[in-house]
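Have a look at the structure below, then the notes.
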Amino acid sequence: MKFTMSWLREHLETEATLDQISTTLSAIGIEVEGIEDRAAALASFRIARVIEATQHPNADRLRALRVDLGDGREYSVVCGAPNARTGMVGVAALPGSFIPGTGITLKVGEIRGVKSEAMMLSSREMGLGDDHSGIVDLPGDAPVGARYVDYAGLDDPIIEIKVTPNRGDALSVRGIARDLAAAGLGTLKPWAVEPVAAAYPSPLSWTIEDPRACNWVLGRAVRGVKNGPSPQWLQDRLVAIGLRPINALVDVTNFFTFAVGRPLHVFDTSKVMGTTLAMRMAKDGEELLALNGKTYTLTSEDGVIADDARVEALGGVIGGEHSGCDENTTECFLECALFDPVRIALSGRRHDIRTDARSRFERGINPSLLPKALDAATRMIIDLCGGEASDVAAAGTEPAWQREATLRFARVEELGGLDIAPDLAVERLTRLGFCPVKRDEASVTVAVPPWRNDIAGHGALAQDPSLPAARAQAAAEGCAAIEPECDLVEEVLRLGGLDAVPAVSLPVASPVPRPALSAKQSRAALARRVMAARGLLDCVTYGFLAKDQAALFGETPDNLRLENPIASDLDQMRPTPVASLAFAAARNAARGFADVGLGEIGGAYRDPASGSSQLAVAAGVRTGMTAPNWAAPARPVDAMDAKGDALAVLAALGVPMAAVSVTTDAPGFYHPGRSGVVRQGPKVVLATFGELHPKLRREINLAGPAVAFEVFLDAIPDPKRRKKAMPDLPAFQPLRRDFAFLAEAGVSADAVLRAARNADKALVTDAVLFDRYAGDKVAEGKISLAIQVTLQPRERTLTDAEIEAASQKIVAAVTKATGATLRG
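Position one of the sequence shown corresponds to residue 1 (full-length UniProt numbering), numbered consecutively onward.
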């Protein structure tokens with residue numbers, strides 16, 4: 001659940017900082033999953049006025065702007081937004097500002113011969129939405145030079161918490177405020193609700209046909225409403241927590257769902273068939289067209305709200321489209337009901353519907369809150385939409401939610417390991433709303449507050465205050481299995497901070513662990529399998545060579561010379577396994593097997609003074625011709641074959657391939673123009689590959705083509721211990737667009753691909769090279785690189801304009817990074 005600091009302060013009188021609040025929440029058992037402080041990310045953006053907007057002299061789609069940022073000087077800005085015009089007010093970023101939507105830090109630049117000293121921003125570039133059709137267009141009276149976060153009210157941090165299944169009371173801003181106040185971080189403000197006077201009889205009534213569907217429901221109509229967009233403060237609050245504003249009536253119900261944890265539903269009275277709404281069980285095969293646009297086939301185990309003609313809602317889970325409120329609604333009917341948590345959970349799971357209402361009802365809500373929540377929501381509807389309210393239509397009775405629980409003080413230390421004084425334990429329970437009703441030296445009995453449905457109590461309802469009488473009795477009979485005392489111990493402990501509870505080691509079943517490969521062994525085994533799958537024969541060679549042979553592949557320091565070699569020509573530790581494999585390939589070629597592929601997991605030995613005396617290496621050598629097949633004839637092996645082998649091993653070992661780069665500073669035993677080094681960052685060398693140097697091939701009597709690679713297993717970062725969850729498959733079809741760029745001959749395809757991938761990380765999921773051309777159809781010293789870019793929409797199908805904008809962004813990113821231009 002998400003909430004903002006300003007929303008929290010409406011319920012909590014506190015001077016606590018954001019850090020204090022987040023730390024306290026975690027300490028009292030409410031896990032903080034994230035904090036979004038938009039003010040920090042957008043602090044450098046200023047409101048700016050466009051003094052003049054003219055056509056760029058050298059680009060049809062660009063505009064040259066003169067911009068006022070309120071500091072007494074004018075800034076030259078090059079802008080591609082179609083809505084940039086003289087006199088408009090927008091948002092600008094100065095050099096040094098980090099742009100959240102693009103991931104870049106702004107610098108002064110020159111675009112097509114015109115200097116650009118700032119940047120006018122779109123909503124997407126600020127990370128505030130998906131709109132990239134133009135720059136932000138503010139009202140003309142917006143204060144030029146002011147911080148945009150202050151003007152837009154974005155200086156309000158958003159806190160996201162993870163709520164456990166038993167803490168339904170924590171799924172509301174007021175519930176969070178109540179716990180923080182109990183923890184000493186402020187005072188809980190009273191929630192005063194002005195009663196609503198009835199102006200006319202309710203046009204709709206309730207009937208409960210089956211108590212399994214609902215056992216208490218209230219409702220009230222409001223006529224004469226004008227249902228349009230909700231006010232900006234309400235829209236901003238809902239957007240901040242991830243909700244989409246619908247209209248004022250619907251937004252009010254969503255507001256109270258999060259504010260006080262009380263889901264409500266609103267019907268358009270004119271769309272309800274008849275004058276009675278029934279709480280009943282669905283008939284097998286009945287259908288509901290829900291507000292999410294999907295049609296659900298119901299069963300007799302689903303509790304529903306129905307009128308005379310059809311099912312209007314799946315009670316406590318989701319409303320129906322037929323009776324939904326829209327801009328034409330003039331009279332609405334507000335529903336506030338109490339449902340069976342178990343039945344809500346089963347219905348939601350059966351139909352795969354997850355809503356904010358279901359999340360709260362299935363955990364259990366405060367049964368005493370219904371009348372007050374109905375009055376509060378009605379009052380807000382009248383304040384926002386006008387109109388007058390009817391009297392309250394009701395059915396069923398309020399359940400007997402009162403219950404008690406007993407805590408023996410000794411159990412706190414027995415279960416929690418902390419010796420807490422009885423007076424302190426009682427004080428903590430009292431601050432949490434547990435009122436003492438009886439106390440002696442050894443124990444205290446408290447009345448459980450109505451919002452704590454997770455604490456069963458005794459002598460009343462067992463687990464759930466909304467259970468029908470028969471089920472409550474059955475649950476009460478099995479209540480011996482439920483020990484509310486443990487819950488009270490937890491409450492006493494968590495209010496003092498769960499970090500104070502001592503850690504206790506769990507007993508080990510067996511001191512002998514089962515056999516397992518180390519991370520290094522697992523990595524070597526996986527690399528060996530990958531090389532075998534690519535057709536390389538697994539070899540085991542000596543780790544030493546003759547000194548003159550080893551010298552062909554690297555340095556031969558004296559401290560790597562063997563004092564007692566097994567043979568006179570095996571007296572030097574090899575600098576790389578490639579050396580041993582190359583000599584093995586030469587011996588095979590001399591015996592008539594010129595086309596071979598050899599691979600090995602072995603050691604490479606360097607001067608100990610370098611700090612890495614022995615390296616674990618996966619190496620391979622290919623010679624001669626590739627194997628022919630039906631799709632392609634045999635051809636000589638080349639550097640790309642070795643590169644493919646190296647990258648396949650790296651990818652299998654979990655190296656993020658999008659983060660690697662290739663440079664040309666390969667070791668001297670490779671061909672200087674047909675080799676490369678695979679790096680992660682500027683310093684970490686992951687692999688080398690390339691054709692063997694012609695001089696080296698002559699030295700070892702290897703006549704045909706030969707390529708090699710080596711992957712440094714120790715240089716590969718250890719995998720993260722926490723495995724990432726499998727991502728959801730996208731719901732929308734990916735789009736693929738081809739681009740052909742004209743670049744200088746020295747520009748690498750990798751640089752072009754990297755720029756394309758980084759152009760829009762939220763939308764671009766892949767970029768691959770499918771053609772490279774250098775010939776008479778391009779200028780001398782130029783090459784053509786053709787790439788295919790995959791765009792994967794996540795939330796909706798892209799429009800033509802959005803696709804065009806993304807394409808322009810990709811072209812601009814490639815041009816900026818490499819100087820390449822789009823071919824005509």
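Virtual Cβ for every residue (Gly too), placed ideally from N, Cα, C. Fair warning: this is a prediction, and the values are worked out from it, not measured in the lab.
Check, Outcome
"With DSSP as the reference, label proline 465 as helix, strand or coil.", "Reliability of the predicted coordinates at proline 465 is poor, the pLDDT of 44 falling under 50, and no value is obtained from them."
"State buried or exposed for valine 239, treating a residue as buried only when at least 16 other CB atoms are found within 10 Å of its CB.", "exposed"
"Can you have a look at glycine 736 and say buried or exposed, based on whether 16 or more other CB atoms are within 10 angstroms of its CB?", "Residue identity check: residue 736 is arginine in the sequence provided, not glycine. Exposed, because fewer than 16 other Cβ atoms sit within 10 Å of the Cβ of arginine 736."
"So what's aspartate 766 in DSSP terms, helix, strand or just coil?", "strand"
"Taking Cβ positions only, does isoleucine 353 come closer than 8 angstroms to chain D?", "Of the protein chains in the structure, only one exists, and it is not chain D."
"Provide the residue span of the beta strand (DSSP E) that contains alanine 36, from first to last.", "As written in the sequence, residue 36 is glutamate, which differs from the alanine given in the question. Run containing glutamate 36: 31-36, per the beta strand (DSSP E) assignment."
"What's the C-alpha gap between alanine 532 and alanine 345?", "51 angstroms"
"What distance in whole Å lies between the Cβ atoms of threonine 276 and serine 205, which are believed to be in contact at a cut-off of 8 angstroms?", "5 angstroms"
"For methionine 5, report the span of its alpha helix (DSSP H) as first-last.", "5-9"
"Under 8 angstroms between the Cβ atoms of alanine 555 and proline 575?", "Looking at the sequence itself, residue 555 is glutamate, so the reference to alanine does not match. Their beta carbons are under 8 angstroms apart, which means glutamate 555 touches proline 575 by this criterion."
"Please list the segments of the beta strand (DSSP E) lying wholly inside the stretch 58-122, counting only runs of 3 or more residues, in order along the chain.", "63-68, 74-79, 89-93, 109-111, 114-116"
"Skipping 5 residues on each side, what residues in its chain have a beta carbon closer than 6 angstroms to that of threonine 406?", "Ser443, Thr445"
"How big is the Cα-Cα spacing for glutamine 549 and leucine 769?", "39 angstroms"
"Using the Cβ count rule (16 or more neighbours within 10 Å means buried), how would you classify asparagine 292?", "exposed"
"Among Ile803, Gln792, Ala755, whose alpha-carbon lies nearest the alpha-carbon of threonine 821?", "Ala755"
"If I follow the unbroken alpha helix (DSSP H) through threonine 818, where does it start and stop?", "800-818"
"Determine the direct distance from the alpha carbon of alanine 92 to that of arginine 66, and round the result to whole angstroms.", "12 angstroms"
"Return the first residue and the last residue of the beta strand (DSSP E) that glutamine 549 is part of.", "Segment 547-551 is the alpha helix (DSSP H) holding glutamine 549; no beta strand (DSSP E) there."
"Whole beta strand (DSSP E) runs in the stretch 583-618 with 3 or more residues, listed along the chain?", "597-605"
"Indicate whether glycine 159 and lysine 283 have their beta-carbon atoms separated by less than 8 angstroms.", "The residue asked about is misnamed: residue 159 is isoleucine in this sequence, not glycine. Result no, Cβ atoms of isoleucine 159 and lysine 283 do not sit closer than 8 angstroms."
"State the Cα-Cα distance for the pair leucine 650 and lysine 162, rounded to the nearest angstrom.", "36 angstroms"
"Buried or exposed: which applies to isoleucine 455, given that a residue is buried once 16 or more other Cβ atoms fall within 10 Å of its Cβ?", "buried"
"Please check the pair leucine 384 and valine 252, which I expect to be a contact at CB under 8 angstroms, by giving their CB distance rounded to whole angstroms.", "7 angstroms"
"Report the option in Leu432, Ala740, Asp776 whose CA atom is closest to the CA atom of aspartate 487.", "Leu432"
"Thinking C-alpha only, which one of Glu286, Gly303, Arg635 is nearest tyrosine 296?", "Glu286"
"Which same chain residues, not among the five before or five after alanine 759, have their C-beta less than 7 angstroms away from its C-beta?", "Lys809, Ile810, Ala813"
"Using CA atoms only, rank isn't needed, just tell me which of Tyr605, Ala589, Ala516 is closest to leucine 560.", "Tyr605"
"Excluding sequence positions up to five away, which residues of its chain have a Cβ less than 7 angstroms from the Cβ of serine 807?", "Arg737"
"Taking methionine 119 as the reference, which of Thr815, Asp37, Cys79, Pro367 has the closest Cα?", "Cys79"
"Return the chain-ordered ranges of every alpha helix (DSSP H) run that is complete within the stretch 514-578 and spans a minimum of 4 residues.", "519-533, 547-551"
"State buried or exposed for valine 752, treating a residue as buried only when at least 16 other CB atoms are found within 10 Å of its CB.", "buried"
"Quick check for students: name the residue ranges of the beta strand (DSSP E) that lie wholly in the stretch 208-272, counting only runs of 3 or more.", "216-223, 265-268"
"In this structure, does DSSP put aspartate 307 in helix, strand or coil?", "coil"
"Please check the pair valine 501 and glycine 416, which I expect to be a contact at CB under 8 angstroms, by giving their CB distance rounded to whole angstroms.", "6 angstroms"
"Checking the sheet assignment: what are the DSSP bridge partners for valine 448?", "DSSP lists no partner for valine 448."
"Helix, strand or coil, according to DSSP, for aspartate 454 in the structure here?", "coil"
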